[in-house]
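**Q**
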Amino acid sequence: MAKSKNLYFCSECGAEHSKWIGRCTVCGSWNTVHEVSSPRNILSDIKVTSNSPQRISEIELINEDRIYLPDLELNRVLGGGIVKGSLILLGGEPGIGKSTLALQLALNFKENFRVLYVSGEESEKQIKFRAERLSSHNTDVYIYAETILENILRTAENMYPDIIIIDSIQTIYYSEMESAPGSVAQVRECTQKIMKFAKQKEIPIIIIGHVTKDGFLAGPKTLEHIVDTVISFEGDRHLNYRMLRCLKNRFGSTLELGIYEMTSRGLNGVPNPSDLFLNQSDEGLSGVAIGTSLEGNRVLLLECQALVTDAAFGNPQRAVTGLDPKRMNLILAVLEKKAKLKLGTKDVFLNVAGGLKVEDPAIDLPFAMAIASSYFEVPINRKIAFIGEIGLTGEIRSVIRLEQRINEIEKLGFDKTVLSKYAQKEDWLNNTSLELLFFDRLDEVISYFF
Ligand code: TYD
Ligand code: MG
126 MAKSKNLYFC
136 SECGAEHSKW
146 IGRCTVCGSW
156 NTVHEVSSPR
166 NILSDIKVTS
176 NSPQRISEIE
186 LINEDRIYLP
196 DLELNRVLGG
206 GIVKGSLILL
216 GGEPGIGKST
226 LALQLALNFK
236 ENFRVLYVSG
246 EESEKQIKFR
256 AERLSSHNTD
266 VYIYAETILE
276 NILRTAENMY
286 PDIIIIDSIQ
296 TIYYSEMESA
306 PGSVAQVREC
316 TQKIMKFAKQ
326 KEIPIIIIGH
336 VTKDGFLAGP
346 KTLEHIVDTV
356 ISFEGDRHLN
366 YRMLRCLKNR
376 FGSTLELGIY
386 EMTSRGLNGV
396 PNPSDLFLNQ
406 SDEGLSGVAI
416 GTSLEGNRVL
426 LLECQALVTD
436 AAFGNPQRAV
446 TGLDPKRMNL
456 ILAVLEKKAK
466 LKLGTKDVFL
476 NVAGGLKVED
486 PAIDLPFAMA
496 IASSYFEVPI
506 NRKIAFIGEI
516 GLTGEIRSVI
526 RLEQRINEIE
536 KLGFDKTVLS
546 KYAQKEDWLN
556 NTSLELLFFD
566 RLDEVISYFF
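Next comes the structure, spelled out in structure tokens:
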């Protein structure tokens, strides 16, 4: 038997060292290198298998064995269900709804699908209390309040559930390691062990991880390298919609987006997300234009809002939510120079209704139109949508995935769409019942509408 050898780990960055040193040579922290006696647990007897290189043409493609989840949005984001033996990290800020999403998933599996829900954060009673709020079916959900990794894996091995959920990775610790739960070294070590377990037993495991304010999953992204799939649950806690994005996926694309609405009885998938972002306000308000934004693979219709007023004191104010301020400055400069709007003495406030953050350049034109609408105090008909990026010379540029955007606009019952002249040659345009208005430059659109 191999001689057991002591190991030294930095509790700050998790780096492994061959001997004790006062200062970690990897992250530079002092007094963070600690001795860990060689790990002996149920995982240490994993056999080393011999493997030889295989010719690529001779590798057989077998479809991964997937479990279809009782959650359409989650299935979509994962690329059609969860792969057996895969490790999924569900990240998000505290309070966003990760535990709710996971528990709801557990409860929605059909009867006889055994779920082990490990919680290091809440007691069994607290979880039961939460479950009461969600409409539940599956009675084969086992709640286990435990934080010691060895106990969790031993229980999982004995119980052999169909899926394991661990909430959260920051509370779990490997008792043979000295560093505190939640430290980078612990989180990394635990995740690696859980990953081995998932692969060895072919049980899919979802681990929940809190994301700090600066957007890091504990352990500067180290976890993201270890796991198979990273999904991130995002949204504004004060608003009721949440988005599920895939940041990494070894078994599918990362382009899919899931959208949920948080209700008093849990999270509901939103099949028609544009409804969520279009305010059902009355006709006749100036400063509003409808645009499209591509989020992952989905097109969302959103309401771009602008308020333009006379600056009360010398320096005009500019404030923007949901859009890059640099983008706003560019749009304002083009409106001033090319469409001759006198915005230099005006306060300008921009907002994307619904609290969404948009990066899609197709949002330039609707914002320019919202600004002009507020400037002239002339409302724009709400049955018209605008698509287009604005160039520095004032030209309206076409954007990607136009067909998909037009389809979405049509589906939501709009009459007209304004878009770049450069899109005119596309033949699929004949298929739409929307009236399409093609323009070359921003000033032409402005003079057409105002
Ligand atoms: P939670 O899932 O605990 O967030 P996380 O695990 O990401 O920290 O839930 C967050 C919020 O969701 C909490 O403030 C209560 C709210 N909530 C609802 O609005 N409806 C519900 O049905 C449930 C269970 C929770
Ligand atoms: Mg939680």
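Offset between the sequence shown (1-based) and our numbering: plus 125. Glycine included, each C-beta is placed from N, C-alpha and C at the ideal position.
(1) Would you say the beta carbon of D196 is closer than 8 angstroms to some non-hydrogen atom of ligand 1?
(2) Could you check if F402 is buried or exposed, using at least 16 other CB atoms within 10 Å of its CB as the buried criterion?
(3) Between I252, A437, G479, which has its C-alpha nearest T446's C-alpha?
(4) Measuring straight from C-alpha to C-alpha, what distance separates L101 and G416?
(5) Counting Cβ pairs, one atom from each stretch, are 3 or more of them under 8 angstroms apart for the stretch 234 to 249 and the stretch 280 to 298?
(6) According to the neighbour-count rule (16 or more other Cβ atoms, all chains shown, within 10 Å of its Cβ), is L197 buried or exposed?
(7) Distance check for L274 and N166, CA to CA, integer angstroms please.
(8) Looking only at DSSP bridge pairs, what is A437 linked to?
(9) Identify whether H350 lies in helix, strand or coil by the three-state DSSP scheme.
(10) I'd like to confirm the pairing. Which residues does DSSP put opposite C138 in its beta bridges?
(11) Going by the C-beta, is P219 closer than 8 angstroms to any heavy atom of ligand 1?
(12) Might you give, ordered along the chain, the residues of its own chain that have their beta carbon closer than 8 angstroms to the beta carbon of D449, omitting 5 neighbours on each side?
(13) What number of angstroms, rounded off, separates the C-alpha of P491 from the C-alpha of V413?
(14) For ligand 2, which residues have a Cβ under 6 angstroms from at least one heavy atom, in chain order?
(15) Cβ of K471 within 9 angstroms of Cβ of D568?
(16) Shorter than 8 angstroms, the distance from the beta carbon of R390 to the closest heavy atom of ligand 1, or not?
(17) Of all the alpha helix (DSSP H) runs that stay within the bounds of the stretch 469 to 506, which reach a length of 4 or more residues?
(18) Looking only at its own chain, which residues have a Cβ that is under 6 angstroms from the Cβ of L457, when we skip the five neighbours before and after it?
(19) If we ignore side chains and look at the alpha-carbon of each, how far apart do L228 and L426 end up?
(20) So, are the CB atoms of N237 and P195 less than 9 angstroms apart?
**A** If we stick to the structure as given:
(1) Numbered from its first residue, the sequence shown carries residue 196 at position 71. No, ligand 1 has no heavy atom inside 8 angstroms of this Cβ.
(2) As a first step, residue 402 is located in the sequence shown; it is residue number 277 there, counting from the start. Counting Cβ neighbours within 10 Å, F402 comes out buried, since at least 16 surround it.
(3) Within the sequence shown, residue 446 is the residue found at index 321, counting from 1. Checked all of I252, A437, G479; the closest Cα to T446 is G479.
(4) The requested residue 101 is not part of the displayed model; the chain covers only 126 to 575.
(5) yes
(6) Your numbering for residue 197 matches position 72 in the sequence shown. In the assembly as shown, L197 is an exposed residue. Its beta-carbon has fewer than 16 other beta-carbons within 10 Å.
(7) Walking along the sequence shown from the start, residue 166 turns up at place 41. Walking along the sequence shown from the start, residue 274 turns up at place 149. Annotation note: pLDDT 49 at N166 (below 50); position unreliable, coordinate value reported separately. Using only the alpha carbons, I get a separation of about 10 angstroms.
(8) Along the sequence shown, read from residue 1 onward, the residue named residue 437 stands at position 312. A437 pairs with nothing; no bridge assigned.
(9) Start at 1 with the first residue of the sequence shown, and residue 350 comes out as number 225. Helix at H350.
(10) What you label residue 138 is simply residue 13 of the sequence shown in a count that begins at 1. Answer is none; C138 lacks a bridge partner.
(11) By one-based count along the sequence shown, residue 219 stands at place 94. Yes, since a heavy atom of ligand 1 falls inside the 8 angstroms radius drawn around the Cβ of P219.
(12) In the sequence shown, residue 449 corresponds to position 324, counting from 1. E484.
(13) Within the sequence shown, numbered from 1, the residue matching residue 491 stands at position 366. Within the sequence shown, numbered from 1, the residue matching residue 413 stands at position 288. For P491 and V413, the distance between alpha carbons rounds to 8 angstroms.
(14) K223, S224, E246, D292
(15) For the purposes of this step, residue 471 is identified with residue 346 of the sequence shown, where counting begins at 1. For the purposes of this step, residue 568 is identified with residue 443 of the sequence shown, where counting begins at 1. Cβ distance not < 9 angstroms, so K471 and D568 don't count as in contact.
(16) Against the sequence shown, residue 390 aligns to sequence position 265. For ligand 1, at least one heavy atom lies less than 8 angstroms from the Cβ of R390.
(17) Counting only runs of 4 or more, we get 489 to 501.
(18) Residue numbering aside, residue 457 sits at position 332 when the sequence shown is read from its first letter. Excluding sequence neighbours, L457 sits near L468.
(19) Along the sequence shown, one-based indexing puts residue 228 at 103. Along the sequence shown, one-based indexing puts residue 426 at 301. Those two C-alpha atoms are separated by around 31 angstroms.
(20) By one-based count along the sequence shown, residue 237 stands at place 112. By one-based count along the sequence shown, residue 195 stands at place 70. Note that the C-beta distance between N237 and P195 is not below 9 angstroms.
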